[in-house]
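*Asks:* The structure under discussion is supplied below as structure tokens; questions concerning it will follow.
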Amino acid sequence: MAANYDALNSQPRISPYGSGDPYYNESSGYITPHSPPKKAVSKWVKFGIPVAIVIIAGAVLGGVLGSRSSKNSSTQGSAAAAATSAISAKNNLGRFATATDSQYLVPIYPMTTNTAAFTTPTFVSTTDANLAWPQDPFQPSNPSPTQVRSDRPRLIAPTYMWETLPNLIKNDPYLSGWNDTIFGNASQYMALPPVVYYLDGGNGILDPAREIKQRVKAFSYAYRMTNDTKWLDRTYTELQNAAGNLTGGWGPANNTKWNPTHFLDTAELTAAYAIAYDWLYSGWTADQRASIMATMIEYGLSNGITAYSDTNDPLAFGWWRNNTEGNWNCVCNNGLTMGALAILGDDTTGIAEQILSMTIPNALQNSTATWSETANYWYFGTTGHAEMASSLLTATGSTYDLLSVNPDFQYTGLYHMYVFGPGSLFGYGDCGPNKYSTTANAMMFYGQQYNMPQYQLFQRDQFDAAEPWSMFWYNPAVTGAFWDGLALDHFFDNSTDQWGSMRSSWTDENALYVAVKAGTLQGHQTHNDLDCGDFVVDALGYYNSIGYFSSDAQDSQRWLYYRKMTEGQNTILVNQQNQNVLAAPTVSHDTSGTVQGSSTVMNVPGDSSAYFVADLTSAYFNVTSFSRGVHLINGRKQVLIQDEINAQQSIMWRAHTNATVSISADSLTATLTIGSATTIVQLLNPPSGAQFSTLTATRFANDPTPPQPDQPNDGVTVLVISLPAGSYTLEVLINPQWPGMSSSAYTTPSSVPLSQWSLTGPS
1095 MAANYDALNS QPRISPYGSG DPYYNESSGY ITPHSPPKKA VSKWVKFGIP
1145 VAIVIIAGAV LGGVLGSRSS KNSSTQGSAA AAATSAISAK NNLGRFATAT
1195 DSQYLVPIYP MTTNTAAFTT PTFVSTTDAN LAWPQDPFQP SNPSPTQVRS
1245 DRPRLIAPTY MWETLPNLIK NDPYLSGWND TIFGNASQYM ALPPVVYYLD
1295 GGNGILDPAR EIKQRVKAFS YAYRMTNDTK WLDRTYTELQ NAAGNLTGGW
1345 GPANNTKWNP THFLDTAELT AAYAIAYDWL YSGWTADQRA SIMATMIEYG
1395 LSNGITAYSD TNDPLAFGWW RNNTEGNWNC VCNNGLTMGA LAILGDDTTG
1445 IAEQILSMTI PNALQNSTAT WSETANYWYF GTTGHAEMAS SLLTATGSTY
1495 DLLSVNPDFQ YTGLYHMYVF GPGSLFGYGD CGPNKYSTTA NAMMFYGQQY
1545 NMPQYQLFQR DQFDAAEPWS MFWYNPAVTG AFWDGLALDH FFDNSTDQWG
1595 SMRSSWTDEN ALYVAVKAGT LQGHQTHNDL DCGDFVVDAL GYYNSIGYFS
1645 SDAQDSQRWL YYRKMTEGQN TILVNQQNQN VLAAPTVSHD TSGTVQGSST
1695 VMNVPGDSSA YFVADLTSAY FNVTSFSRGV HLINGRKQVL IQDEINAQQS
1745 IMWRAHTNAT VSISADSLTA TLTIGSATTI VQLLNPPSGA QFSTLTATRF
1795 ANDPTPPQPD QPNDGVTVLV ISLPAGSYTL EVLINPQWPG MSSSAYTTPS
1845 SVPLSQWSLT GPS
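First residue of the sequence shown? That's 1095 in our numbering, and the numbers climb one at a time after it.
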């Protein structure tokens, strides 16, 4: 599957800042896992492909619904009329995005200065049951994890929400479209046979487990909305299959049927059973409930107890014994928690209470760390974390500090927003295709709980928004535009992760977006690459081979694969060697602080700028000093990549693209084209011997052989600059050829050492 690189984006542009009025017909529809949306194509592939291209009519998905509390900013009294007016303005406009880009699955917004509904993000205050959720009547004064509400469902969507939902669907364009989509998905799943057991050596049965969870959510939603028993019966068939009770069996004939050695699988199946048990509780017969509970205990919860309690057991690793921070902790603790909450009161074994005494303290300690695993794994972790917090809140009346133990966790949504560009994620490290039941809809939950309406406004237009969680986490009283007042740049800088996100617009599909990273090369749960200095999205295809997750030590088999090695990244390669895994870069950065207003047409000031500089010396062997800088210049129309390096071995500057590359006669200019799209790359002030050339995106002949062959990178060209050992300054200027922009409007920046960079220089 394709890796994802995009250092030099050569897409055709109407303008870098928006013009015209590209409205498209609006419709709804989510492409299900069995009719999947086109994968976010390799940004190697993206390079130079027109973005003003095909539109998926029907893939515009936003996300809205539900609020249990009223974290609203409006006052009472006369504010009620204003609230109704604001919501009406939003609903009259309909979905803000008019379509979804078929290549990258990102929403397309109309280029317009009509800002009636594009205003400051707000949760308005209203008690109108047609426009907003009522308050949850379950408000215990002294919440306890083992004292649950008396009504069902307990998990995520209590009865009062189901009773309110039909009116909200009638009055909210997002909820209406999502509801249709969920029923469409459920119908597609209904026509399919039960999920087949398939053991993948690297990922166990994680894909089947998540597909079952996705189906159970859709079937259960459809049953509760219609009371049609066909959905109930189909759910039970799926559950029987996963228990091994249908012809042909499912998995081994013992209590490891749900593959607890890869506990993510066990956790996701336990969550699926919990949803079915709880959401469909009144529809099951006593025998069916007993069977579902017994299966969940045998294959799920009992293995959780073993994992937590017996340190000699092979299951006792990972998220519990080693206090691992990351997606495993969130997903595993969530599955066990949902299962325990679902059967509390019916369980006579005591296992549910025992589980809750383990999962909640462990999650508090380890599940809310600042995100460190890469953009794609953020989906897995936040989904599990939000499901656990939401289930505890609805079932028992409290999240037990899961949302507050780390005061910075409320900003996790900003990470997700800034890691997105016009061409999908800045997918550094391990990234892959969307996994079943793993969306970004935790943004809906966090938006409400943290009073961050921009999270909901951003996510509701995304292609993955239409699924049951959105129906209950979205607040239909949200108004405004996520981009109004949102800075174009953000820098993420802590002891592990150092990267910057810079752009020219939040709403123009043709905007310039640049991201660059430094950061450590260890401490990412073996999901990182050897990519200090990478300024591209580098691995959005799912890649799982022998030794892939072996370790992040210098001699790990992981670093034998081209897409993980330094030579497979868009950075400097020294002596054809991988970077030092003990790298500890330091960074500096600055921004003009430009923010977007309410209009979707972003007119960037000429002096708007941002830069990111990283000292990457520690990332290399045979290097005395090395720093890389990335600077947006000329009103964010051009990008300068500058490297200052003193190396005792040969160096090679590398950048990957699938465009056709043409080198000028003097070898100092590279023209990259696909169709009518063009980007010109210039080598400024070249040191002696410096010139552009090209290579194929394959390993060097003398590289060590990986345990399995590399995946092919068909059609990918590597633009390189090769030099012997020495001290150099390399200045590479990237000029997207914006339609309507004359050659005289481009600037050639002056040569300024990185130590003297500022927002006004180089310019």
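Glycine is no exception: its CB is placed at the ideal position from the N, C-alpha and C atoms.
What you are looking at is a predicted structure, and each value in this text was computed from that prediction instead of being measured.
Taking only runs that begin and end inside the region 1265-1334, name each unbroken alpha helix (DSSP H) of 4 or more residues, in chain order.
*Replies:* 1267-1284, 1300-1320
*Asks:* When DSSP builds the beta bridges, which residues end up paired with Glu-1447?
*Replies:* Bridge partners of Glu-1447: none, in fact.
*Asks:* Is DSSP giving Asn-1397 helix, strand or coil here?
*Replies:* In the structure shown, Asn-1397 sits in a helix (DSSP, three-state: H, G or I).
*Asks:* Out of Gly-1687, Phe-1212, Asn-1752, Met-1319, which has the shortest C-alpha to C-alpha gap to Gly-1188?
*Replies:* For Gly-1188, the nearest C-alpha among the options comes from Phe-1212.
*Asks:* Does the region 1437-1454 come into contact with the region 1391-1403, if we say contact requires no fewer than three beta-carbon pairs (one atom in each stretch) closer than 8 Å?
*Replies:* Yes, since at least three Cβ pairs between the region 1437-1454 and the region 1391-1403 fall closer than 8 Å, the two stretches touch.
*Asks:* Ala-1679 to Val-1814, Cα distance in whole Å?
*Replies:* One point to set straight first is that residue 1679 is Pro, not Ala, in the sequence displayed. Taken atom to atom, the span from the alpha-carbon of Pro-1679 to that of Val-1814 is near 24 Å.
*Asks:* Just to confirm, are Thr-1360 and Asn-1397 a CB contact at a threshold of 8 Å?
*Replies:* Yes.
*Asks:* Whether or not the region 1211-1226 and the region 1535-1547 are in contact is what I'm after, with contact meaning three or more pairs of Cβ atoms, one per stretch, closer than 8 Å; do they touch?
*Replies:* yes
*Asks:* I need the straight-line Cα distance from Asp-1301 to Ser-1837, nearest angstrom please.
*Replies:* 51 Å
*Asks:* Please work out which residues of its chain come closer than 6 Å, Cβ to Cβ, to Asn-1829, disregarding the five sequence neighbours upstream and downstream, and give them in chain order.
*Replies:* Gln-1732, Ile-1774, Tyr-1840
*Asks:* Which two residues bound the contiguous beta strand (DSSP E) that contains Pro-1830?
*Replies:* 1820-1830
*Asks:* For Tyr-1494, which three-state DSSP category applies?
*Replies:* coil
*Asks:* Near Ser-1712, which residues of its chain fall below 8 Å by C-beta distance, leaving aside the five closest residues on each side in sequence?
*Replies:* Asn-1674, Leu-1676, Ala-1677, Ala-1678, Pro-1679
*Asks:* Alpha helix (DSSP H) containing Met-1511: first to last residue?
*Replies:* 1506-1512
*Asks:* For Leu-1249 versus Ile-1369, is the C-beta distance shorter than 8 Å?
*Replies:* Cβ distance < 8 Å, so Leu-1249 and Ile-1369 count as in contact.
*Asks:* Quick one: what does DSSP say Val-1425 is sitting in, helix, strand or coil?
*Replies:* helix
*Asks:* Just how far apart, CA to CA, sit Leu-1497 and Ser-1595?
*Replies:* 26 Å
*Asks:* Please list the segments of the beta strand (DSSP E) lying wholly inside the region 1676-1700, counting only runs of 3 or more residues, in order along the chain.
*Replies:* Along the length of the region 1676-1700, whole beta strand (DSSP E) runs at least 3 residues long occupy 1680-1685, reported in chain order.
*Asks:* Just verifying my parser: in three-state terms, what is the DSSP assignment at Thr-1841?
*Replies:* In the structure shown, the three-state DSSP call for Thr-1841 is coil.
*Asks:* By how many angstroms is the C-alpha of Phe-1715 removed from the C-alpha of Leu-1777?
*Replies:* 26 Å
*Asks:* Comparing C-alpha positions only, which one of Asn-1335, Thr-1842, Val-1695 sits nearest to Pro-1204?
*Replies:* Val-1695
*Asks:* Where does Ala-1708 fall in DSSP's three states?
*Replies:* strand
*Asks:* Could you tell me which of Ile-1739, Met-1537, Arg-1730 sits nearest to Pro-1856, measuring between CA atoms?
*Replies:* Arg-1730
*Asks:* Report the three-state DSSP secondary structure of Tyr-1607 (helix, strand or coil).
*Replies:* Strand at Tyr-1607.
*Asks:* My parser needs the beta strand (DSSP E) runs of 3 or more residues fully inside the region 1557-1581; what are they?
*Replies:* none
*Asks:* Whose CA, out of Thr-1751, Ala-1446, Leu-1458, Leu-1269, lies closest to the CA of Leu-1766?
*Replies:* Checking every option, the nearest Cα to that of Leu-1766 belongs to Thr-1751.
*Asks:* With respect to the alpha helix (DSSP H) encompassing Asp-1359, which residues constitute its N-terminal and C-terminal limits?
*Replies:* 1357-1373
*Asks:* Please state whether DSSP places Arg-1748 in a helix, a strand or coil.
*Replies:* strand
*Asks:* In three-state DSSP terms, what is Ile-1727?
*Replies:* strand
*Asks:* Quick one: residues in its chain with C-beta nearer than 6 Å to the C-beta of Lys-1132, no 5 flanking neighbours on either side, listed in chain order?
*Replies:* Confidence is the limiting factor: at Lys-1132 the pLDDT is only 32, short of 50, which leaves the residue's position unreliable, though a coordinate-based value still follows. Excluding sequence neighbours, Lys-1132 sits near nothing in its chain.
*Asks:* Can you tell me the Cα-Cα spacing of Thr-1854 and Ser-1703, whole angstroms?
*Replies:* 8 Å
*Asks:* Ordered along the chain, which non-local residues of its own chain (more than five positions away) have a Cβ less than 7 Å from that of Leu-1374?
*Replies:* The answer, listed in chain order, is Ser-1314, Tyr-1317, Leu-1326, Thr-1329.
*Asks:* Taking the beta carbon of Thr-1423 as the centre, do at least 16 other beta carbons fall within 10 Å, making it buried, or is it exposed?
*Replies:* Before going on, a small fix: residue 1423 reads as Asn here, not Thr. Under this definition Asn-1423 is a buried residue.
*Asks:* Looking at the structure shown, is Trp-1851 part of a helix, part of a strand, or coil, going by DSSP?
*Replies:* In this structure, Trp-1851 counts as coil in the three-state DSSP scheme.
*Asks:* Quick one: grab the DSSP three-state call for Ile-1386.
*Replies:* helix
*Asks:* Run the CB neighbour count on Ile-1143, radius 10 Å, all protein chains shown included, and call it buried at 16 or more, exposed below.
*Replies:* Its pLDDT being 22, under 50, Ile-1143 is placed unreliably by the model, and the measurement read from it follows with that caveat. Buried is the call here.
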